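Student:
Residue numbers (our numbering): 21 to 412.
(1) Tell whether a beta-carbon distance below 8 Å holds between residue 222 and residue 259.
(2) Does residue 44 pass the burial test, meaning 16 or more other C-beta atoms within 10 Å, or should it be called exposed?
(3) Restricting to runs no shorter than 4 residues, where is the alpha helix (DSSP H) found entirely within the segment 47-111?
(4) Do the segment 267-275 and the segment 61-74 make contact, defined as three or more Cβ pairs closer than 8 Å?
(5) By the 10 Å Cβ neighbour count, where 16 or more other Cβ atoms means buried, how is residue 279 classified, buried or exposed?
(6) By the 10 Å Cβ neighbour count, where 16 or more other Cβ atoms means buried, how is residue 283 classified, buried or exposed?
(7) Would DSSP call residue 244 helix, strand or coil?
(8) Could you tell me which residues DSSP puts in a beta bridge with residue 148?
(9) Can you check whether the CB of residue 158 is closer than 8 Å to the CB of residue 262?
(10) Can you tell me where the beta strand (DSSP E) holding residue 233 begins and where it ends?
(11) Please state whether the Cβ-Cβ distance between residue 47 and residue 70 is less than 8 Å.
(12) Could you check where the alpha helix (DSSP H) with residue 281 kicks off and where it finishes?
(13) Is the CB-CB distance between residue 186 and residue 303 below 8 Å?
(14) Going by DSSP, name the residue or residues bridged to residue 187.
(15) Cα separation between residue 100 and residue 154?
(16) Compute the Euclidean distance between the alpha carbons of residue 171 and residue 295, then round it to the nearest angstrom.
(17) I'd like to know whether the C-beta atoms of residue 215 and residue 250 end up nearer to each other than 8 Å.
(18) Applying the 10 Å Cβ sphere with the 16-neighbour rule, what's the burial state of residue 80?
Okay, here's the thing in structure tokens:
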């Protein structure tokens with residue numbers, strides 16, 4: 021029997037029947053909860069109150085018809101009465117989506133954004149099971165650069181609206197999540213980044229070019245839940261706006277292929293929609309991680325999800341991309357060597373100063389040493405900045 025699209029055949033350690041009876045999914049990545057949603061494919065169950073969890077929002081309508089719109093790695097999307105659309109999430113992967121609606125401060129600033137938020141739902145032990153929206157239909161991404169740029173602008177605007185809820189740079193946690201995925205996938209790559217102080221964490225929005233709809237003639241993102249692979253392998257972290265942008269870029273690149281000019285334009289459009297410090301030279305510096313470390317993060321996450329669902333084509337694409345990481349890191353290692361030249365120069369300046377004060381060198385010798393040391397500082401910094409790989 022064919023397995024449904026939501027079943028993680030690549031990592032599951034038990035059968036679907038066993039999982040349904042136990043309510044636990046055990047995988048090589050870890051374990052999470054599962055619930056038996058089959059009864060919700062019929063109208064009757066929708067008209068009774070759940071025995072557990074929290075039923076929230078505008079859930080005061082009677083359901084007469086349930087029609088499956090699609091089945092994905094996240095669960096099912098169904099139409100209710102031709103008036104509502106519901107997302108049924110098969111696994112316990114957190115409540116990232118419902119919090120956008122249930123937490124009033126976030127909800128109030130997102131209402132005016134190009135984002136379709138759920139109006140009701142059912143959450144059990146911190147995991148969304150059902151999310152109900154006004155009736156919508158997924159609109160396929162048309163592949164046009166102009167569409168992608170508009171989505172990028174919208175992303176920047178959405179994240180800017182959330183700026184008052186930002187949290188400081190948490191590079192240790194961001195690097196820990198990279199390590200967790202690398203260790204599980206045995207990817208033979210390793211990347212740790214210091215990140216700029218202006219790179220801040222934001223409430224999580226799982227957005228995708230495969231989860232779009234049209235509202236009053238305007239494309240809207242339909243927020244998705246956390247992917248199963250991310251939930252099993254990573255802590256629930258806030259990530260910067262740049263991380264989400266690179267996930268969207270990665271999806272576009274794998275679908276259509278991107279050139280340097282398109283990547284540059286993407287960053288410029290996003291940079292014009294977010295606070296200046298988020299897109300500054302320092303924030304985008306590859307030596308500090310910048311856009312490239314988040315491209316790496318996006319590739320690792322997709323590799324993990326493809327592994328979970330045994331999607332060999334996607335896994336091979338991700339492996340190809342990851343093979344180039346070592347070359348980029350070798351270049352960054354050379355840059356760090358150049359950067360160390362400034363400390364040689366600073367040491368030389370200190371020696372010249374104290375030698376002059378202590379009459380260890382003649383004034384002329386101290387001056388020459390000082391000039392040479394200053395030149396070393398300037399030269400090493402110039403090379404360091406000039407050789408920093410472009411963010412695109």
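All C-beta atoms, glycine included, are put in the ideal place defined by N, C-alpha and C.
These figures come from a predicted structure and were not determined experimentally.
Tutor: Here's the rundown:
(1) yes
(2) exposed
(3) 63-66
(4) no
(5) exposed
(6) buried
(7) strand
(8) In DSSP, residue 148 forms a bridge with 143.
(9) Their beta carbons are not under 8 Å apart, which means residue 262 does not touch residue 158 by this criterion.
(10) Segment 232-235, the beta strand (DSSP E) holding residue 233.
(11) no
(12) 280-293
(13) no
(14) Per DSSP, 221.
(15) 10 Å
(16) Distance between the alpha carbons of residue 171 and residue 295 is about 17 Å.
(17) no
(18) exposed
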